[in-house]
């Protein structure tokens, strides 16, 4: 068994899918840069700041309620009969979305803030879109995944241009309507690819076939509970800087930082095809009880290639930040020109941790992920409090670099010394 896995996963057998993913991601990255340019030209910094602060809050609740459930679903879907897993996690997601949307609707009515319900609906669309993408990832449907990614970013660009230029939709609320149209449309598109799975879910959901067992609850709780803590720490590491900038500065400064952050975080586009390629392979290796040494060697091999390529891209961005800033943004966002490459280096560190984390997600060792994320969050918050009053938004960017660097350092240490903690794999 191990020899077969070595030939399949450590050889060149799966190189064509990776090449396809990288090629399609380059197209996605180009369109994403055009989207950033259009946003900078059409949306004022203060409106972007207000939109981003609300978007950060929505993203936090999404990561707290939905991401742990989807991650557990992926881990438990590999191997065995998928029907009970589909039934259980389908019920979980339906319950979470139903309760969340009901609460959001009540708050929207009580506070006379219709935009709250709008934001809630965007969150539901985003969640189902994420669920559909994860289904494509875990089933190694790389071509479909890539086409959906390209279509999503292209549609986003077209809708933004049509409504901002043609209908003068340029406020924060207008951006939420655009987001709702985008996410709802692509939630339906991605879920259409899961039609066989959905049919199986519908057949298995009838009692007593869909009866929820204590074993399912225990496995879900064991896998997802650490991820609830992870959501909190990740939100603090990634989003606390926006609220600290708002506390010390203005909405316009938040907008400047948000746009720069968006450009710098495009480093994620470099790692996305690699993670999409490695995730099903590592999950299958774990399910077939491949040795940790074999898994470690596979991840480290690709990490070295990624670090070299992404590091060169970040360095080039820093050296030509003014020219690239003028090309990708607008003069109204001149303060963001230098912030972008600093954030790019921060995301270089963060995406390296994402590659290493695949092993722990596959092995259900999620508490290790919480450890290094908590250190990264605490480091970033401390540096933000010190640097933002002194350096402004560039201080927030430097604090993000420091926090993610600390996170990567601890992640790499844990990755190399996992055996010392005598963590047994959970049965999936």
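Residue numbers (the working numbering): 9 to 436. Beta carbons: idealized from backbone N, C-alpha and C, even for Gly. Because the structure is a prediction, the values reported are computed rather than measured.
{"query": "With a cut-off of 8 Å on the beta carbons, I'd call residue 154 and residue 28 a contact; round off their distance for me.", "result": "7 Å"}
{"query": "Which value, in whole angstroms, describes the spacing of the CA atoms of residue 395 and residue 266?", "result": "17 Å"}
{"query": "How would you call residue 419, buried or exposed, if buried means at least 16 neighbouring beta carbons within 10 angstroms?", "result": "buried"}
{"query": "May I have the straight-line CA-CA distance separating residue 423 from residue 361, to the nearest angstrom?", "result": "10 Å"}
{"query": "Taking only three categories from DSSP, how would you classify residue 55?", "result": "helix"}
{"query": "By DSSP, does residue 214 sit in helix, in strand, or in coil?", "result": "Caution applies to residue 214, whose pLDDT of 46 falls short of 50 and renders its modelled position unreliable; the model cannot decide the point."}
{"query": "When you compare only the Cα positions, how much space is there between residue 388 and residue 399?", "result": "15 Å"}
{"query": "Which term fits residue 258, buried or exposed, when burial requires 16 or more other beta carbons within 10 angstroms of its beta carbon?", "result": "exposed"}
{"query": "Quick one: measure Cβ to Cβ for residue 75 and residue 235, integer angstroms, because I've assumed they're closer than 8 Å.", "result": "7 Å"}
{"query": "Would you be able to state if there are at least three C-beta pairs under 8 Å between the region 301-319 and the region 275-288?", "result": "yes"}
{"query": "Could you pull the start and end residues of the alpha helix (DSSP H) that residue 176 belongs to?", "result": "Where residue 176 is concerned, there is no enclosing alpha helix (DSSP H), given that its DSSP letter is neither H nor E."}
{"query": "Report back the beta-carbon spacing between residue 231 and residue 374 to the nearest angstrom; my notes put them in contact at under 8 Å.", "result": "6 Å"}
{"query": "Can you name the start and end residues of the alpha helix (DSSP H) that residue 149 belongs to?", "result": "Note, residue 149: premise wrong, no alpha helix (DSSP H); not H, not E."}
{"query": "Among the candidates 38, 46, 66, 107, whose CA atom is the shortest distance from the CA of residue 240?", "result": "66"}
{"query": "Give the DSSP-derived three-state secondary structure of residue 328 in the structure shown.", "result": "coil"}
{"query": "Is the Cβ of residue 112 closer than 9 Å to any Cβ of chain C?", "result": "Although the question refers to chain C, the structure presented lacks it and comprises just one protein chain."}
{"query": "So, for residue 100: in the same chain, excluding its five sequence neighbours on each side, which residues have a beta-carbon less than 6 Å away from its beta-carbon?", "result": "77"}
{"query": "If you measure between the beta carbons of residue 157 and residue 280, is that distance less than 9 Å?", "result": "yes"}
{"query": "Distance, Cα to Cα, residue 368 vs residue 357?", "result": "18 Å"}
{"query": "What residue range does the alpha helix (DSSP H) around residue 355 cover?", "result": "347-370"}
{"query": "Can you tell me whether DSSP reads residue 338 as helix, strand or coil?", "result": "coil"}
{"query": "Is residue 83 near residue 370, with beta carbons less than 9 Å apart?", "result": "yes"}
{"query": "Rounding to the nearest angstrom, what Cα-Cα distance links residue 38 and residue 164 in this structure?", "result": "13 Å"}
{"query": "So, does the region 174-186 touch the region 55-62, judging by three or more C-beta pairs under 8 Å?", "result": "yes"}
{"query": "Give a yes or no on contact between the region 325-342 and the region 41-48, applying the rule of three or more CB pairs nearer than 8 Å.", "result": "yes"}
{"query": "Apart from the five residues on each side of it in sequence, which residues of its chain come closer than 7 Å, Cβ to Cβ, to residue 136?", "result": "195, 199"}
{"query": "Is the distance from the Cβ of residue 440 to the Cβ of residue 272 below 9 Å?", "result": "There is simply no residue 440 to check, as the chain begins at 9 and stops at 436 in what is shown."}
{"query": "Have a look at residue 216 and residue 96 and give me their C-alpha separation to the nearest angstrom.", "result": "Unreliable placement is indicated for residue 216, whose pLDDT of 40 sits below 50; no coordinate value is reported for it."}
{"query": "With the cut-off set at 9 Å, would you say residue 414 and residue 383 are in Cβ contact?", "result": "yes"}
{"query": "Output needed for residue 378: all residues of its chain with C-beta closer than 7 Å, excluding positions within five of it in sequence on either side, in chain order.", "result": "234, 237, 238, 241"}
{"query": "Using CA atoms only, rank isn't needed, just tell me which of 248, 405, 276 is closest to residue 34.", "result": "276"}
{"query": "Express the C-alpha separation of residue 201 and residue 392 in angstroms, rounding to a whole number.", "result": "43 Å"}
{"query": "Specify, as a first and last residue, the run of the alpha helix (DSSP H) that residue 384 falls within.", "result": "374-399"}
{"query": "As a quick exercise: from 341, 416, 407, 359, pick the residue whose alpha carbon is nearest that of residue 53.", "result": "341"}
{"query": "Looking at the structure shown, is residue 121 part of a helix, part of a strand, or coil, going by DSSP?", "result": "coil"}
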